[in-house]
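Q: Got a structure for you, written out below as structure tokens; questions coming shortly.
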Amino acid sequence: MNVNTDIKTYAGFRFITLLCVVILYAPLIVVTIYSFNASDSITTWAGWSLRWYADVFTGPESAKFQQAAINSFSIAIIAATVSTAIATASATAIVRGGKYRLRTPSLALITLPIMVPEIVLAVATLIFFNAIGFTRGYVTILIAHIAFCIPFAYLPIQARMQGIENTYEHAAMDLYATKAQAFKRILLPLMTPGIISGFLLAFIVSLDDFIITNFVKGAGIETLPTAIFGSVKQGLKPNIMAISTMLLSLSVVMVTISYFVSKFDNTK
Amino acid sequence: MNNIAEIAVDVRDAVKRYGEFTALQKISLGIRDNEFFTLLGPSGCGKTTLLRMIAGFEDVTEGGIYLFGDEIKTLPPHKRPVNTVFQNYALFPHMTVLENVGFGLEMKGSSRKDAAKRATEMLELVQLSQFAKRKPAQLSGGQQQRVALARALAPSPKVLLLDEPLSALDLKLRKAMQIELKHIQRETGITFIFVTHDQAEALTMSDRIAVMSAGELQQLGAPRDIYEHPRNMFVANFIGDTNLLEVSVDKIADGCAQCHIGGGLALTCDAVDGVQAGAKVHLSVRPERLILSEKATEGTSLRGVVTENIYIGTDITTMIDLDGGPKMAVRTSNTERGNKRLIEPGSAAFVNMETGAARLLID
Amino acid sequence: MAGGAASGGSVASDTYKNARHWLLMPSWLVLGFFVFAPVCVMVIYSFLTKEFRGGVTWEPTLAAYDQFFFDRGLFGDADPTLQWTYIEIFWRSIWQAGLATILSLLIGFPTAYYIATRPANTRALWVFLITIPYWVNLLIRTVSMKFLLRDEGPMNNSLLNIGIISEPLQIINTNLAVQVGLFYSYLPFMVLPIYAAVDRYNFTMSEAASDLYATKWATLRRIVLPAVKPGVIAGCILVFVPSLGAFLAPDLLGGAKNFMIGSLIEEQFKGNAGNWPFGAAASMILLSMVLVLLMVFAHQQRRAGATT
């Protein structure tokens with residue numbers, strides 16, 4: 001299509017798009033590059049080196065970061081698992097439960113954590129735990145995470161379930177399957193990509209969370225984001241670059257997997 | 269003053285290729301000013317592609333397009349003084365009917381007020397004045413179609429392009445719109461280029477028809493011409509019903525060709541340029557041009573056995589197996605038949621045709 | 632995304648309706664207890680008295696809200712004059728969030744449009760490319776931005792080396808840094824709804840406009856934009872709301888001079904100097920603003936749905 005007949009294209013839009021992509025990736029790429037900086041300071045470049053990665057694992061702060069990493073990952077796995085299970089059950093009720101008065105309020109409640117600004121949620125959770133006398137620590141972080149991960153797990157699952165026609169389950173029931181069996185043997189397997197997608201999303205969201213975690217964690221415990229934040233407040237050090245690079249690579253990998261999984265259509 | 273009609277749109281050797289695929293293969297045709305010109309053909313034949321090339325939405329791979337003598341193929345659509353009525357109407361949903369119709373004028377520089385005035389006139393022309401303030405979504409399909417027409421006519425284009433505008437309407441509405449479109453074309457004098465796959469529609473409305481298939485122009489002519497003197501098998505088959513017979517040409521003399529069908533049955537028909545003696549070609553003869561009789565008559569009279577009589581109300585179609593194999597259909601109107609008895613299936617009968625009734629086809 | 636969730640799928644399907652209450656119970660319990668209840672408790676706390684070491688005593692009062700709006704002097708007994716400090720902070724946050732939204736729109740709209748007009752196979756790739764950064768930890772993204780924009784950071788260094796500037800651009804700790812940070816944090820939220828809207832747009836209408844003598848830019852202004860308006864508004868809200876309550880960008884990139892609502896609230900709950908009811912009150916005010924915005928948005932969506 002030459003320019004004259006193409007009524008869709010606008011001059012400059014492609015440039016802005018490329019600019020947009022550059023802006024989005026530049027800081028991340030720069031941090032990744034500087035994580036391999038051999039120099040002591042973060043301002044001067046002194047060649048390629050893996051020393052800061054080594055520092056993360058063996059340096060003076062390594063114990064703190066390792067404990068933080070253990071906390072982060074364990075909380076993320078548990079929170080993602082629990083919230084995905086809850087989300088799957090809820091999606092089944094909302095997408096395949098017919099029409100009833102509680103449906104819209106249930107949906108509203110499930111998406112509530114996304115609608116409310118995160119800091120408001122953080123304050124509310126902190127106040128709540130304080131009011132019921134629950135000491136802040138690992139468990140409070142875990143509970144808070146489970147709660148706000150539910151909508152993130154829910155949305156891909158609902159999307160997937162909506163895309164599966166209920167003729168398959170009806171066929172199963174026509175062939176003498178009970179509803180429970182139809183669910184377990186037909187719907188659940190077909191929904192697996194959506195469930196995996198939801199799990200991965202919930203996992204990343206939990207792993208990455210800062211604000212809510214910072215509020216409800218109390219003094220004695222750190223997760224990776226809060227540890228990183230604390231360290232940054234004292235000054236940007238090169239080992240932060242290394243941790244950041246590792247974390248962001250993990251996020252990219254998980255999202256990519258989630259994307260390909262969700263594209264996998266096992267009804268064809 | 270001369271009688272040569274001015275050529276409104278001149279397509280010269282236009283070719284359209286999409287990568288490996290050729291949509292239009294060297295089309296040349298001239299559309300006259302003030303005429304109602306139709307591009308007719310099955311889907312995929314390239315008629316819409318050609319229309320869009322004239323409108324400016326597709327570029328011309330090779331060849332040229334001239335509007336009243338000026339080359340337009342390099343002009344973007346908004347610079348061409350042609351307007352289009354789209355198949356799905358493409359009315360702007362967020363504007364009122366009046367604003368839609370006035371849009372082209374505003375874009376050309378008219379003030380809102382002037383555009384509204386002209387738009388009101390156009391709405392009167394299509395009898396939709398009372399819907400001026402409504403939004404398109406509140407109108408029926410037929411009404412939307414008329415708004416689309418008014419919108420395209422409002423800027424007084426030199427040529428109006430219509431891309432299957434009636435295909436979404438039900439039969440009764442479509443017939444009414446056909447009459448109305450013809451009427452508007454006569455009144456405004458604008459050249460209409462109309463695209464359709466419906467051959468009956470084309471025959472009803474057009475001054476001239478260009479029949480297209482697989483990217484090529486098959487035949488161009490007035491409706492009667494195309495119907496009665498089809499050039500090739502495609503045209504003969506696509507327009508109306510016809511009987512196709514394989515014939516061998518024995519002799520050509522005095523403008524008449526004498527042929528025979530397999531089985532030895534002889535017939536005479538008009539000679540046609542491009543068909544020589546000795547050729548094996550197809551013959552097309554319309555069922556309504558044939559006359560059925562119980563006894564042989566003078567001229568071409570082919571013997572056969574009646575297999576079926578199909579009664580429609582206005583006429584009867586009789587299916588006959590000729591001696592020697594080929595099957596034919598003969599249509600007799602019921603007024604023509606009068607009170608004569610039907611020839612029952614199984615009985616012998618003769619199919620008679622006058623010399624000018626059949627047409628030799630080139631391929 | 633929000634639109635799809637709101638419809639919740641086809642109601643014709645009721646295969647598991649017998650079990651639906653059991654199925655919904657876990658989410659009701661967890662979310663009811665740990666999201667809904669906390670918000671209610673927060674409302675209550677905003678009406679209580681603060682305790683010295685943080686926390687509250689159970690004495691209902693309007694002191695927190697009062698403190699927000701009025702200045703009653705050092706000892707609390709002077710005549711109330713309008714306290715601008717906190718109002719100013721809120722106003723500045725609205726301003727910053729607004730500017731970040733406009734910046735996102737200026738860059739996000741062309742991007743979304745461009746992506747939506749790519750051929751189908753590359754389109755998915757572009758969308759993927761735009762959304763990946765969102766899934767990287769916001770803290771890390773903000774830290775990366777901070778690193779990049781520092782006075783001695785790579786951006787300044789390369790600009791100095793090339794010779795475009797002679798002194799480092801002081802970006803960190805300015806309003807601009809915060810806006811860039813907010814824009815960077817939430818840009819994908821602007822791109823995606825607009826992309827979805829342009830994807831649904833029928834380009835035959837652009838053809839019709841062009842056929843009727845509209846130049847490409849006139850077509851954009853008069854035909855395309857009105858048609859994709861719901862997507863644009865959705866994008867603006869999805870950027871504005873989180874920006875309003877943001878904490879990380881103002882804190883890490885803006886410094887002390889750029890106090891925003893998020894930092895104000897956070898401060899109330901740090902250590903012993905905090906004022907919990909005041910923090911709760913500020914959160915309530917923020918929440919109310921967001922709810923009003925969301926209701927306006929929902930109303931507008933319903934109206935837009937009715938006329939298309």
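Protein chains in written order, with our numbering: chain G, 1 to 268; chain V, 269 to 631; chain U, 632 to 939. Cβ atoms here follow ideal geometry from the backbone N, Cα and C, with glycine treated the same way. Since the model is a prediction, treat every value here as computed from it, not as a measurement.
1. Quick one: using the 10 Å Cβ neighbour count with 16 as the cut-off for buried, is residue 273 of chain V buried or exposed?
2. So is residue 72 of chain G in contact with chain U if we call contact Cβ pairs under 8 Å?
3. So, for residue 922 of chain U: in the same chain, excluding its five sequence neighbours on each side, which residues have a beta-carbon less than 7 Å away from its beta-carbon?
4. Is residue 226 of chain G buried or exposed, if buried means 16 or more other CB atoms sit within 10 Å of its CB?
5. Quick one: grab the DSSP three-state call for residue 360 of chain V.
6. Note down, one range per segment and in chain order, each beta strand (DSSP E) of at least 3 residues found wholly within the region 427-451 of chain V.
7. If I measure Cβ to Cβ from residue 917 of chain U and keep anything under 6 Å in the same chain, skipping five residues before and after, which residues do I get?
8. Find the residues of chain U that neighbour residue 68 of chain G, judging by a C-beta separation of less than 8 Å, and give them in chain order.
9. Quick check: what's the CA-CA separation for residue 113 of chain G versus residue 204 of chain G?
10. From this set, U:927, U:696, U:741 and U:882, which residue's C-alpha is nearest residue 274 of chain G's C-alpha?
11. Since residue 836 of chain U contacts residue 677 of chain U with CB under 8 Å, what's their CB separation in whole angstroms?
12. According to DSSP, is residue 845 of chain U part of a helix, a strand, or is it coil?
13. Quick check on residue 842 of chain U - is its C-beta less than 8 Å from some C-beta in chain V?
14. List, in order along the chain, the chain G residues whose C-beta lies closer than 7 Å to that of residue 742 of chain U?
15. Here's the rule: buried if 16 or more other CB atoms are within 10 angstroms of the residue's CB, otherwise exposed. What is residue 874 of chain U?
16. Please list the terminal residues of the continuous beta strand (DSSP E) segment that includes residue 20 of chain G.
17. Run the CB neighbour count on residue 263 of chain G, radius 10 Å, all protein chains shown included, and call it buried at 16 or more, exposed below.
18. Compute the Euclidean distance between the alpha carbons of residue 269 of chain V and residue 333 of chain V, then round it to the nearest angstrom.
19. Please compile the residues from chain U whose C-beta is within a distance smaller than 9 Å of the C-beta of residue 115 of chain G.
20. Cα separation between residue 533 of chain V and residue 276 of chain V?
21. Are the CB atoms of residue 543 of chain V and residue 525 of chain V within a distance shorter than 8 Å?
22. Below 7 Å on C-beta distance, what does residue 372 of chain V contact in chain U?
23. Output the residue ranges of the alpha helix (DSSP H) runs that lie fully inside the region 86-159 of chain G and measure 4 residues or longer, sorted by chain position.
24. Roughly how many angstroms separate the alpha carbons of residue 476 of chain V and residue 539 of chain V, rounded to a whole number?
25. Using the DSSP secondary-structure output, state which residues sit across from residue 351 of chain V in a beta bridge.
26. Quick check: what's the CA-CA separation for residue 75 of chain G versus residue 363 of chain V?
27. Flag this pair as touching only if the region 840-858 of chain U and the region 807-818 of chain U have three or more C-beta atom pairs under 8 Å; answer yes or no.
28. Give, in chain order, every residue of the region 345-362 of chain V whose Cβ lies closer than 7 Å to some Cβ of chain U.
29. Entirely within the region 756-835 of chain U and at least 4 residues each: give me those alpha helix (DSSP H) ranges in chain order.
30. Under 7 Å Cβ to Cβ from residue 56 of chain G, same chain only, skipping five residues before and after it: list those, please.
31. Using 8 Å as the limit for Cβ to Cβ distance, is residue 222 of chain G near chain U?
32. Tell me where the beta strand (DSSP E) around residue 481 of chain V begins and ends.
33. Once DSSP output is grouped into helix, strand and coil, what is the label at residue 640 of chain U?
34. Identify the contact partners of residue 779 of chain U in chain G, using a Cβ-Cβ distance below 9 Å as the criterion.
35. Please state the DSSP three-state secondary structure of residue 587 of chain V.
36. Under a Cβ-count criterion, where at least 16 other Cβ atoms within 10 Å of its own Cβ denotes burial, should residue 101 of chain G be classed as buried or exposed?
A: To lay it out plainly:
1. What you label residue 273 of chain V is simply residue 5 of the second sequence in a count that begins at 1. By the neighbour-count rule (16 or more Cβ atoms within 10 Å), residue 273 of chain V is not buried but exposed.
2. In the first sequence, residue 72 of chain G corresponds to position 72, counting from 1. False, the Cβ-Cβ gap to chain U never drops below 8 Å.
3. Looking up residue 922 of chain U in the third sequence gives position 291. The answer is none, since no qualifying residue turns up.
4. Counted from its first residue, the first sequence places residue 226 of chain G at position 226. Result: buried.
5. Position 92 of the second sequence, counted from the start, is the residue given in the question as residue 360 of chain V. In the structure shown, residue 360 of chain V sits in coil (DSSP, three-state: anything other than H, G, I, E or B).
6. 427-431
7. Against the third sequence, residue 917 of chain U aligns to sequence position 286. If we look at residue 917 of chain U and ignore the five residues flanking it on each side, its Cβ neighbours are 876 and 892.
8. Position 68 of the first sequence, counted from the first residue, corresponds to residue 68 of chain G. What residue 68 of chain G touches in chain U: nothing, since even the nearest Cβ is about 13 Å away.
9. Reading the first sequence from its first residue, position 113 is the one you call residue 113 of chain G. Reading the first sequence from its first residue, position 204 is the one you call residue 204 of chain G. Distance between the alpha carbons of residue 113 of chain G and residue 204 of chain G: 16 Å.
10. With chain G covering only 1 through 268, there is no way to say anything about residue 274 of chain G.
11. As a first step, residue 836 of chain U must be located in the third sequence, where it is residue number 205. As a first step, residue 677 of chain U must be located in the third sequence, where it is residue number 46. Not really, about 50 Å apart at Cβ, beyond 8 Å.
12. For the purposes of this step, residue 845 of chain U is taken as residue 214 along the third sequence, with counting starting at 1. Residue 845 of chain U: coil per DSSP, three-state reduction.
13. As a position in the third sequence, residue 842 of chain U is number 211, starting the count at 1. With 8 Å as the cut-off, residue 842 of chain U counts as an interface residue toward chain V.
14. Here residue 742 of chain U refers to the residue found at position 111 of the third sequence. Per Cβ cutoff of 7 Å: 16, 17 and 20.
15. Position 243 of the third sequence holds residue 874 of chain U. So residue 874 of chain U counts as buried.
16. Along the first sequence, read from residue 1 onward, the residue named residue 20 of chain G stands at position 20. Premise fails: residue 20 of chain G lies in the alpha helix (DSSP H), 13-34, not in any beta strand (DSSP E).
17. Residue mapping note: residue 263 of chain G aligns to position 263 of the first sequence, counting from 1. Exposed is the call here.
18. Here residue 269 of chain V refers to the residue found at position 1 when the second sequence is read from its first residue. Here residue 333 of chain V refers to the residue found at position 65 when the second sequence is read from its first residue. Confidence is the limiting factor: at residue 269 of chain V the pLDDT is only 42, short of 50, which leaves the residue's position unreliable and the question unanswerable from this model.
19. If you number the first sequence from 1, residue 115 of chain G lands on position 115. Result: 633, 872, 921, 922 and 925.
20. Mapped onto the second sequence, residue 533 of chain V falls at position 265. Mapped onto the second sequence, residue 276 of chain V falls at position 8. Going from the Cα of residue 533 of chain V to the Cα of residue 276 of chain V covers about 49 Å.
21. Within the second sequence, the letter at position 257 stands for residue 525 of chain V. Within the second sequence, the letter at position 275 stands for residue 543 of chain V. Against a cut-off of 8 Å, the Cβ pair of residue 543 of chain V and residue 525 of chain V comes out as a contact.
22. Your numbering for residue 372 of chain V matches position 104 in the second sequence. Those are 843 and 844, listed as they occur along chain U.
23. 103-115 and 118-131
24. For the purposes of this step, residue 476 of chain V is taken as residue 208 along the second sequence, with counting starting at 1. For the purposes of this step, residue 539 of chain V is taken as residue 271 along the second sequence, with counting starting at 1. Answer to the nearest angstrom: the Cα atoms are 24 Å apart.
25. By one-based count along the second sequence, residue 351 of chain V stands at place 83. Residue 351 of chain V pairs with V:428.
26. Working through the first sequence from its first residue, we reach residue 75 of chain G at position 75. Working through the second sequence from its first residue, we reach residue 363 of chain V at position 95. Each residue's alpha carbon lies about 54 Å from the other.
27. no
28. 345, 346, 351, 352, 354, 356, 358, 360, 361 and 362
29. 769-780, 785-793 and 806-831
30. Working through the first sequence from its first residue, we reach residue 56 of chain G at position 56. Here the set comprises 62, 65, 239, 242 and 243.
31. Locating residue 222 of chain G in the first sequence gives position 222, where the first residue counts as 1. Judged by the 8 Å Cβ criterion, residue 222 of chain G is not in contact with chain U.
32. On the second sequence, residue 481 of chain V is found 213 positions in, with the first residue counted as 1. Per DSSP, residue 481 of chain V belongs to the beta strand (DSSP E) from 476-481.
33. Counting from one through the third sequence, the residue named residue 640 of chain U turns up at place 9. In this prediction, residue 640 of chain U has a pLDDT of 45, which is less than 50 and means its spatial position is unreliable; nothing more can be read from the coordinates.
34. Taking the third sequence and counting its residues from 1, the one referred to as residue 779 of chain U is at position 148. Per Cβ cutoff of 9 Å: 26, 27, 30 and 31.
35. Within the second sequence, numbered from 1, the residue matching residue 587 of chain V stands at position 319. Looking at residue 587 of chain V - three-state DSSP - the assignment turns out to be strand.
36. As a working mapping, residue 101 of chain G is identified with position 101 in the first sequence. That one is exposed.
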